[in-house]
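**Student:**
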Amino acid sequence: YNKDQIKKKVWTDNDQGNLIGFIHASSDTEEGNLVANSVFEYKMNNQLPNSDFAVLYRTNAQSRSMEEAFRKLNIPYKIYGGTSFYNRKEIKDLLAYFRLVINHNDEDSLQRCINTPARGIGKTTIEKITVAADENSVNMWEIINAPSHYGLNFNSGITTKLSNFVTQIKSFTAEMKKKEAYDAAHHIAVSSGILKMYRDEDTPEAVSRVENIDELLNGIKEFSEKGAEANIGDLESQGTLEEFMQDVALLTNQDNEDEEDNNKVTLMTIHSAKGLEFPYVYVVGLEENLFPSIQSISTRSDLEEERRLFYVAITRAERQLTLCYAESRYRWGQFTITEPSRFLEEINEDLIDKPRKVINASPFAEKKTSETNIPSRRNLKSISSTNGDSTPFAESDTASLQTGMQVEHPKFGKGKVLTVEGNGPNKKATVFFNGIGQKSLLLRFAKLKILG
Numbered sequence: 032y033n034k035d036q037i038k039k040k041v042w043t044d045n046d047q048g049n050l051i052g053f054i055h056a057s058s059d060t061e062e063g064n065l066v067a068n069s070v071f072e073y074k075m076n077n078q079l080p081n082s083d084f085a086v087l088y089r090t091n092a093q094s095r096s097m098e099e100a101f102r103k104l105n106i107p108y109k110i111y112g113g114t115s116f117y118n119r120k121e122i123k124d125l126l127a128y129f130r131l132v133i134n135h136n137d138e139d140s141l142q143r144c145i146n147t148p149a150r151g152i153g154k155t156t157i158e159k160i161t162v163a164a165d166e167n168s169v170n171m172w173e174i175i176n177a178p179s180h181y182g183l184n185f186n187s188g189i190t191t192k193l194s195n196f197v198t199q200i201k202s203f204t205a206e207m208k209k210k211e212a213y214d215a216a217h218h219i220a221v222s223s224g225i226l227k228m229y230r231d232e233d234t235p236e237a238v239s240r241v242e243n244i245d246e247l248l249n250g251i252k253e254f255s256e257k258g259a260e261a262n263i264g265d266l267e268s269q270g271t272l273e274e275f276m277q278d279v280a281l282l283t284n285q286d287n288e289d290e291e292d293n294n295k296v297t298l299m300t301i302h303s304a305k306g307l308e309f310p311y312v313y314v315v316g317l318e319e320n321l322f323p324s325i326q327s328i329s330t331r332s333d334l335e336e337e338r339r340l341f342y343v344a345i346t347r348a349e350r351q352l353t354l355c356y357a358e359s360r361y362r363w364g365q366f367t368i369t370e371p372s373r374f375l376e377e378i379n380e381d382l383i384d385k386p387r388k389v390i391n392a393s394p395f396a397e398k399k400t401s402e403t404n405i406p407s408r409r410n411l412k413s414i415s416s417t418n419g420d421s422t423p424f425a426e427s428d429t430a431s432l433q434t435g436m437q438v439e440h441p442k443f444g445k446g447k448v449l450t451v452e453g454n455g456p457n458k459k460a461t462v463f464f465n466g467i468g469q470k471s472l473l474l475r476f477a478k479l480k481i482l483g
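Offset between the sequence shown (1-based) and our numbering: plus 31.
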């Protein structure tokens, strides 16, 4: 397929190996779960060490769903040539804002946020605030709210900057109380200036940082929708930003594991994998605009470089190669249907094992054209919702929603309202969706369109 390729003859002394495995998942989260389950099965059935396995991805941001899936199964892993998702600087910066917005007395978060992005509050000023807090037995938040009350006579410029910071954090707290988790988190990411700071850098590293922030927001979007769309009954979980942060705290508690233990699954970008080999390799995220990258499909030379990178990925496997494709992903909080990578179509189907069926599939898994063949990009239209319509989904005011009404959901499609109960923010509806079944939805999150 590459015209500018160097002719070479590849051979091996090994016996004929296994067919290429294929995992066809309904979402990136399910892709992570299926890969982790597959690793677990191989390990247990064949008594294999964790270090025999590697997961390769095109972008650093893709590690989040993989890391979370491996953590759920207590499978130790390491990020080769990088840091785990929640330990990346940009993620820690944004999480610090979330913690401070939730709890103004979180001093570690306050010290991280107060000058990120830079707002002209220098190290000396922060040291004076810290000393004043210690001498007066109060927290730093109290000091920056009223520095003169505690004997700190800053000049008007510093005083204004501190006042603006306090006002910003208070406004974020007010927004968090009014908005669901994703909207609140996105507002903080934008209004704090963190996103702009990295976008303005315009370097490959900054692009990766922006992708990581996008992935964090996608995780929050998925979390909040799970809280809203689950059969919540007593409404204990509503997918708030505070609940998401509780989940993150549980995840990041596992980050202090033995770094000298080499018996771990390796997670890495394909660029980092050059020159390395592993007995069992999973290549994930084989979708158009992800692999090949959307930045690399406009010219032949860039696309050929992506294809060479794909060759690097599939030749890292010594015994078993498994290719993975997810039908849907969140991108900047928008649920999108993906197209299979063109690289999948370029592989002889005789070399690929029957696709692994999706376990606990979402409704989209029922819409596959085939479970026995690699999905073709020609058979899947890239759309932004299940409607197949490129226009934005127009939700209705659900105040007038009644039992018996026909409604439409951007993810579940059309259905009939069975019950409506509760009031205000706790109002919910039970809807029977065609071909999917019954779902209980919290109306302030549900995004329903009333059809009649």
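We put the beta carbon where it would ideally sit given N, CA and C, even for glycine. Keep in mind the model is a prediction, meaning the values are calculated, not measured.
Could you tell me which residues DSSP puts in a beta bridge with F341?
**Tutor:** None; F341 has no bridge partner.
**Student:** Between V132, E138 and N170, which has its C-alpha nearest T198's C-alpha?
**Tutor:** With distances taken between Cα atoms, T198 lies closest to V132.
**Student:** What is the DSSP secondary structure of Y111, counted as helix, strand or coil?
**Tutor:** Three-state result, Y111: coil.
**Student:** Which residue comes first and which comes last in the beta strand (DSSP E) that contains E308?
**Tutor:** It is not in any beta strand (DSSP E) - E308 carries neither H nor E in the DSSP assignment.
**Student:** Please classify T330 as buried or exposed, where buried requires at least 16 other C-beta atoms within 10 Å of its C-beta.
**Tutor:** Looking at its Cβ environment, which holds fewer than 16 other Cβ atoms inside 10 Å, T330 is exposed.
**Student:** At 3 residues or longer, what runs of the beta strand (DSSP E) sit wholly inside the segment 316–366?
**Tutor:** Complete beta strand (DSSP E) runs here, min 3: 348–357 and 359–362.
**Student:** In its own chain, which residues sit with a C-beta less than 7 Å from the C-beta of E138, not counting the 5 before and 5 after it?
**Tutor:** Cβ neighbours of E138 beyond the five flanking positions: N170 and M171.
**Student:** With the cut-off set at 8 Å, would you say Y356 and H55 are in Cβ contact?
**Tutor:** In this structure, H55 lies closer than 8 Å to Y356 by Cβ.
**Student:** Reducing DSSP to helix, strand and coil, say where P548 ends up.
**Tutor:** Because the chain in this structure spans residues 32 to 483, residue 548 falls outside the shown range and cannot be described.
**Student:** Below 8 Å, how does it come out for the segment 271–285 and the segment 54–69: are there three or more Cβ pairs, yes or no?
**Tutor:** The segment 271–285 vs the segment 54–69: no contact.
**Student:** Classify I301 as buried or exposed, calling it buried when 16 or more other Cβ atoms lie within 10 Å of its own Cβ.
**Tutor:** The residue is buried, with at least 16 neighbouring Cβ atoms inside 10 Å.
**Student:** Give me, in chain order, the residues of the same chain whose beta-carbon lies closer than 6 Å to that of S94; leave out the 5 immediate sequence neighbours on both sides.
**Tutor:** Cβ neighbours of S94 beyond the five flanking positions: F116 and L298.
**Student:** Identify every residue that forms a DSSP beta bridge with H55.
**Tutor:** Y356.
**Student:** Locate the beta strand (DSSP E) running through F463, then write down its first and last residues.
**Tutor:** K459 to F464 is the span of the beta strand (DSSP E), which, as asked, contains F463.
**Student:** Compare the Cα-Cα distances from A177 to each of I160, P441, Y128 and E166 and report the closest residue.
**Tutor:** Considering only alpha carbons, the answer is I160.
**Student:** Give me whichever residues DSSP pairs with F84 in a beta bridge.
**Tutor:** Paired residue(s): Y311.
**Student:** What did DSSP end up calling L449 once you bin it into helix, strand or coil?
**Tutor:** Three-state DSSP puts L449 in a strand.
**Student:** Determine, using beta-carbon pairs with one atom in the segment 203–216 and one in the segment 177–192, whether at least three such pairs fall under 8 Å.
**Tutor:** No: fewer than three Cβ pairs fall under 8 Å.
**Student:** Return the residue from the list L474, I383, P323 and A149 that minimises the CA-CA distance to I189.
**Tutor:** When each option's Cα is compared against that of I189, the closest is A149.
**Student:** How long is the line joining the alpha carbons of F366 and D83, rounded to whole angstroms?
**Tutor:** One C-alpha to the other measures close to 34 Å.
**Student:** For N465 and G444, which I take to be in contact (beta-carbon distance under 8 Å), what is that distance rounded to the nearest angstrom?
**Tutor:** About 6 Å separates the two Cβ atoms, so the contact holds.
**Student:** So L321 packs on F53, CB below 8 Å; how close in whole Å?
**Tutor:** Wrong, their Cβ atoms sit about 17 Å apart, outside the cutoff.
**Student:** Can you check whether the CB of L87 is closer than 8 Å to the CB of V314?
**Tutor:** Yes, the pair counts as a contact, with Cβ atoms nearer than the cut-off.
**Student:** Measure the Cβ-Cβ separation of I368 and E376 and say whether it is below 8 Å.
**Tutor:** No. Outside cutoff.
**Student:** In terms of residue numbering, what span does the beta strand (DSSP E) encompassing T297 cover?
**Tutor:** Element bounds for T297: V296 to T300.
**Student:** Thinking K295 and Y128 are a contact (beta carbons under 8 Å), I'd like their distance in whole angstroms, please.
**Tutor:** At roughly 31 Å, the Cβ-Cβ gap does not stay under 8 Å, so K295 and Y128 are not in contact.
**Student:** Ordered along the chain, which non-local residues of its own chain (more than five positions away) have a Cβ less than 7 Å from that of D59?
**Tutor:** Once the five neighbours on either side are set aside, the close Cβ partners of D59 are S96, A357 and R360.
**Student:** Excluding five sequence neighbours on each side, which residues of the same chain lie with their C-beta closer than 8 Å to the C-beta of H28?
**Tutor:** In the structure as shown, the chain starts at 32 and stops at 483, and residue 28 therefore has no counterpart that could be examined.
**Student:** In this structure, does DSSP put I263 in helix, strand or coil?
**Tutor:** Since pLDDT at I263 reaches only 42, below the 50 mark, its modelled position is unreliable, and the value read off the structure follows with that caveat. Of the three classes helix, strand and coil, the one that applies to I263 here is coil, per DSSP.
**Student:** Taking G446 as the reference, give the member of L432, K458, G453 and K257 with the closest Cα.
**Tutor:** Measuring from the Cα of G446, the nearest candidate turns out to be L432.
**Student:** Tell me, please, which residues DSSP counts as bridged to I383.
**Tutor:** Bridge partners of I383: I51.
**Student:** Compute the distance between the beta-carbons of L479 and E426, then report whether it is under 8 Å.
**Tutor:** Contact flag set, yes.
**Student:** Could you check the C-alpha separation between N391 and I325 for me, to the nearest Å?
**Tutor:** Its pLDDT being 38, under 50, N391 is placed unreliably by the model, and the measurement read from it follows with that caveat. Approximately 30 Å, taken between the alpha carbons.
**Student:** Pull up the CB-CB distance for F71 and I106, whole angstroms please, since I reckon it's below 8 Å.
**Tutor:** Their Cβ separation, rounded to whole angstroms, is 6 Å, which keeps F71 and I106 in contact under 8 Å.
**Student:** Helix, strand or coil for L247, going by three-state DSSP, please let me know.
**Tutor:** If DSSP states are grouped into helix, strand and coil, L247 belongs with the helices.
**Student:** What is the DSSP secondary structure of V438, reduced to helix, strand or coil?
**Tutor:** Here V438 sits in strand by DSSP.
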